[in-house]
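S.K.: In our numbering, the protein residues as written are 19 to 264.
1. For the candidate residues 160, 103, 150, whose alpha-carbon lies nearest to that of residue 132?
2. Give the secondary structure of residue 78 by DSSP, where H, G and I count as helix, E and B as strand, and everything else as coil.
3. Would you kindly work out how many angstroms separate the C-alpha atoms of residue 129 and residue 261, rounded to a whole number?
4. Would you tell me roughly how many angstroms separate the C-alpha atoms of residue 5 and residue 85, rounded to the nearest one?
5. On a Cα-Cα basis, can you pick out the residue from 97, 138, 141, 106 that is closest to residue 124?
6. Where does residue 120 sit, in a helix, a strand or coil, going by DSSP?
7. Do you know how far the Cα of residue 223 is from the Cα of residue 175?
8. Would you give the residue range spanned by the alpha helix (DSSP H) that residue 229 belongs to?
9. So is residue 119 buried or exposed if we call it buried at 16+ other beta carbons inside 10 Å?
10. Is the region 243-259 touching the region 196-209 in the sense that three or more CB pairs, one from each, lie closer than 8 Å?
11. Need the endpoints of the alpha helix (DSSP H) that residue 290 sits in, please.
12. With 16 other CB atoms within 10 Å as the buried threshold, where does residue 93 fall?
13. Nearest to residue 48 by CA position, among 91, 148, 101, is which residue?
Structure below.
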């Protein structure tokens with residue numbers, strides 16, 4: 019990517035997100051769950067893991083709304099917070115029709131049981147189901163191979179596996195009507211200086227996977243990392259640069 023184009027993309031993204039943050043205030047559900055409106059139809063849900071008394075890790079997911087239906091991408095980190103999110107969706111008069119974990123780690127499907135207990139259907143890449151089962155986590159009900167299109171109201175979202183990276187099974191989710199790409203933990207937030215946890219991933223394959231994502235979703239205007247603030251396509255380039263420096 020030409021450096022001038024990269025800088026322009028970054029500035030436009032920061033300008034957009036600053037404007038959004040001024041216009042759309044956080045919705046505080048509890049001390050460990052909040053939502054940030056990204057558009058009229060998309061909310062970033064942020065839940066917090068606290069592995070020690072001194073650390074607090076924000077974990078991102080999305081709620082996409084079309085008509086009277088909602089779909090959740092990645093659960094909050096546990097069942098209690100997932101029930102809080104589902105209650106908020108219900109209070110808006112919406113029906114949650116599906117949940118999609120983007121890989122097998124607990125910060126992506128730690129609240130999956132809460133969705134199942136309320137009768138919400140779950141979908142996941144076939145390897146995600148296999149790995150979650152191996153680690154004795156709650157597993158999604160409906161597997162897919164490589165890609166899956168789901169209808170939400172009048173809109174379609176695309177879930178796609180483009181290669182290993184942060185984990186062997188990480189997928190991305192594309193919302194074409196919003197030009198929003200949920201990259202999950204495969205994508206690093208702006209300002210991060212490292213790749214985060216890589217023990218379950220494939221660092222050698224990761225750069226090629228990011229390039230595939232950049233090529234496939236060149237129209238993306240907002241990119242959501244698994245942890246940290248949303249940005250634009252420069253987050254994909256930032257992740258690629260971190261990988262090349264390894």
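Where a beta carbon is used, it is the ideal one built from N, C-alpha and C, also for glycine.
M.R.: Reading from the atomic positions:
1. 103
2. strand
3. 30 Å
4. Outside the displayed range of the chain (19 to 264) lies residue 5, so it cannot be described from this structure.
5. 97
6. coil
7. 25 Å
8. 224-234
9. buried
10. yes
11. Lying outside 19 to 264, the shown extent of the chain, residue 290 is not represented and no answer is given.
12. buried
13. 101
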